[in-house]
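Under UniProt numbering, the first residue of the sequence shown is numbered 1, with each subsequent residue one higher. Scroll down for the structure; my scribbles are underneath it.
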Amino acid sequence: MEPCGPRSADEEAAAADLISKLPSDVLVSILERLHLRDAVRAGALSSRWRCLPKQLPRLSLDIDDFLPRGQGHFFDDRDTGEDDEGDDVAAADDVLSEAGDKMVRVATALLASRSPAPANAADAHVIATLAMKFHLRRQSCYMSLGRLVDDAVASGKVCAAELTITTKSRTVSWSEDEDRVRARRALLRGYGRRFRNLFDACPAAFGALKQLNIESVKLGKHDFPDILDTCTRLEKLYLFNCVPGPGGLWQVRHERLTDIRISVCGIHGVSLEWVPRLKQFAFQGWFSMTHQLLSFSHVPCLTTVTLSHDNGHLEETLKLSRIMANTAVKDIRLNFRGNNIWVQPESSRRLTDLFRNLTNLKIRNVHHKCGLSWTMFLLQSAPHLQELYIKLTDHECGVVKKNVPWEVPIGFKHYTLARITILGFYSNEETVVTYIRHLLQAAINLEEIDMRENATYCEICGHMEPKAGSRFPRTDEDKETFRKRITTNGRSAIFKICIRS
Numbered sequence: 001m002e003p004c005g006p007r008s009a010d011e012e013a014a015a016a017d018l019i020s021k022l023p024s025d026v027l028v029s030i031l032e033r034l035h036l037r038d039a040v041r042a043g044a045l046s047s048r049w050r051c052l053p054k055q056l057p058r059l060s061l062d063i064d065d066f067l068p069r070g071q072g073h074f075f076d077d078r079d080t081g082e083d084d085e086g087d088d089v090a091a092a093d094d095v096l097s098e099a100g101d102k103m104v105r106v107a108t109a110l111l112a113s114r115s116p117a118p119a120n121a122a123d124a125h126v127i128a129t130l131a132m133k134f135h136l137r138r139q140s141c142y143m144s145l146g147r148l149v150d151d152a153v154a155s156g157k158v159c160a161a162e163l164t165i166t167t168k169s170r171t172v173s174w175s176e177d178e179d180r181v182r183a184r185r186a187l188l189r190g191y192g193r194r195f196r197n198l199f200d201a202c203p204a205a206f207g208a209l210k211q212l213n214i215e216s217v218k219l220g221k222h223d224f225p226d227i228l229d230t231c232t233r234l235e236k237l238y239l240f241n242c243v244p245g246p247g248g249l250w251q252v253r254h255e256r257l258t259d260i261r262i263s264v265c266g267i268h269g270v271s272l273e274w275v276p277r278l279k280q281f282a283f284q285g286w287f288s289m290t291h292q293l294l295s296f297s298h299v300p301c302l303t304t305v306t307l308s309h310d311n312g313h314l315e316e317t318l319k320l321s322r323i324m325a326n327t328a329v330k331d332i333r334l335n336f337r338g339n340n341i342w343v344q345p346e347s348s349r350r351l352t353d354l355f356r357n358l359t360n361l362k363i364r365n366v367h368h369k370c371g372l373s374w375t376m377f378l379l380q381s382a383p384h385l386q387e388l389y390i391k392l393t394d395h396e397c398g399v400v401k402k403n404v405p406w407e408v409p410i411g412f413k414h415y416t417l418a419r420i421t422i423l424g425f426y427s428n429e430e431t432v433v434t435y436i437r438h439l440l441q442a443a444i445n446l447e448e449i450d451m452r453e454n455a456t457y458c459e460i461c462g463h464m465e466p467k468a469g470s471r472f473p474r475t476d477e478d479k480e481t482f483r484k485r486i487t488t489n490g491r492s493a494i495f496k497i498c499i500r501s
């Protein structure tokens, strides 16, 4: 029998030595699961481990990892958006600049340790993917990082790249005073010029990109089409707060893109003309409800569409039958952000063909003043829907909300809806009870209802959304009473009702 108790130092060393005897590809697989800093440190354990970090197929460098920890967020309050020598000198002594300089030194050392792959060398340790996140701050920093990636790709050290290009300026609301808005616009234009200079200086790096994230820049008239033309290997494109150039209509033709996310860019519209591999598309925060807002032409692989908008003072609504034409998605996610409903209810005959493959529907942040009955038009139009998720909110934030009326046809039945999840509650619980009864009467093959109390932050103002007071059933007695209120004809014995506070 093996002796019990703690192992001796010799036994610990023997166990460690057993790990070192594993094949190199297994050890490299272990190191891949570590943070890059820890993987490099592991190389100092012994001569056996020393060469392993150089065999890592993926290197990931993030500017945030070089900033001091536990000191909150760092913002750049001195950046003017101009790239002159004065700005570089003025910003050279702060925390952000120190972090950038450290990242340049580390990236230089890591890439210098790799040798270009010789022709037909099966044992060459080429970097399969080099991922970097850095700020458009100080030309000597971001341009150095860009050229390091460019040279590594051109020399054959790196096969593919992923770039996250961001800024550290504070977000300024467009509703603030004119001077701050004007300064913000000038800053975005400056960041846009920096991005263009980086883009023009590093053609090999951008040509090798598989993923590109850009945040808070003003894109020139030709920047967006030039990105699509140059980044021919691009699979994922994420744009956040990227103000468009003149016209504000982005047309997308790209062979390899599979995932596009456009958030708070203030554009007039997106036209997905030819994106044969696109699987996921997300669009949040648009400028106005024009007929050009969104169009799909050739997107045969599209499965998931996410639309999120804060319809504050705008009266316009969208017809899904128009913007979802030429699609047959499986997953639709709509976020109304606690404001007015910007989807116009339509008869099922207009949508049934478009929703013929729809199996998952997620509706977020529906305010109680807008009502819930209107959501039934989506169920009527999706005969194969299997899962429905709805997040409710009572939070009073933004403009006055308007009720959206919709008459549910008597005798309407849905045969495939199996699971319903409701997150949150209304202070007027009768609205929730009536809605759930409608769902239960329609979904004759329902298997489960999952109700959860909401305790999240408002997506508009950032404040904690208030709980529904004593309305949400928390005690066992209250839960049983609520179950009896929503069920009729003994149907509660057929499906499961889970209420979690």
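Even glycine gets a Cβ: it sits at the ideal position worked out from N, Cα and C.
- The way I'd put it, the stretch 406 to 413 doesn't touch the stretch 352 to 361; fewer than three beta-carbon pairs between them come closer than 8 Å.
- Pairing LEU361 with ILE341 gives a Cβ-Cβ distance that is not under 8 Å.
- When DSSP states are grouped into helix, strand and coil, LEU59 belongs to the strand group.
- Cβ neighbours of ILE436 within its own chain (closer than 6 Å, five residues either side excluded): ILE486.
- Between GLN211 and GLU235, the C-beta spacing is below 8 Å.
- In this structure, PHE283 is the residue among PHE283, CYS265, ARG138, CYS159 with its C-alpha nearest to the C-alpha of LEU272.
- Counting the other CB atoms within 10 Å of its CB gives GLN380 a total of 16 or more, which places it among the buried residues.
- Counting the other Cβ atoms within 10 Å of the Cβ of ALA201 gives fewer than 16, which makes it exposed.
- In the structure shown, ASN241 adopts coil according to DSSP, grouped into three states.
- Counting along the chain, no alpha helix (DSSP H) covers GLY156, and no H or E run does either.
- DSSP places THR352 outside both helix and strand once states are collapsed to three, so it counts as coil.
- Secondary structure note for ALA443: it is in no beta strand (DSSP E), with a DSSP letter that is neither H nor E.
- Selection ARG322, TRP274, THR317, HIS309 evaluated against LEU302 yields TRP274 as nearest (Cα-Cα).
- Around the Cβ of ASP394, a 10 Å sphere holds 16 or more other Cβ atoms; the residue is buried.
- When the five nearest sequence neighbours on each side are left out, the beta carbons in the same chain lying within less than 8 Å of the beta carbon of ALA325 are those of SER295, PHE296, LEU354, in order along the chain.
- In the structure shown, SER321 falls within a helical segment according to DSSP collapsed to helix, strand and coil.
- For PHE195, the enclosing alpha helix (DSSP H) starts and ends at 178 to 201.
- Restricting attention to alpha helix (DSSP H) runs no shorter than 4 residues, the stretch 263 to 311 encloses none.
- Two segments are said to touch when three or more pairs of C-beta atoms, one from each, lie closer than 8 Å; by this definition the stretch 371 to 387 touches the stretch 414 to 426.
- ILE267 is positioned such that its CB atom lies no closer than 8 Å to that of LEU237.
- Shown here, VAL404 sits in coil according to DSSP, grouped into three states, outside any helix or strand.
- ARG138 and GLY100 do touch by the CB rule: their CB atoms are close to 6 Å apart, below 8 Å.
- Here DSSP, grouped into helix, strand and coil, assigns ILE486 to helix.
- By the CB criterion at 8 Å, ARG356 and LEU334 fall outside the cutoff.
- Between the beta-carbon of VAL329 and that of TRP374 there is about 20 Å, and that puts the pair past the 8 Å contact cut.
- Secondary structure of CYS498 (DSSP, three-state): strand.
- The beta carbon of ARG69 is closer than 8 Å to none in its chain, skipping five residues each way along the sequence.
- In the three-state scheme derived from DSSP, where H, G and I count as helix and E and B as strand, LEU145 is classed as helix.
- Residue state for THR129 is assigned as strand, using DSSP reduced to three classes.
- The beta carbon of PRO246 lies closer than 7 Å to those of LYS221 in the same chain, with the five residues before and after it left out.
- For THR108, the enclosing alpha helix (DSSP H) covers residues 95 to 112.
- If you draw a straight line from the Cα of ASP94 to the Cα of LEU67, it is about 11 Å long.
- The Cβ neighbour count for HIS367, taken over all protein chains shown within 10 Å, is at least 16; the residue is labelled buried.
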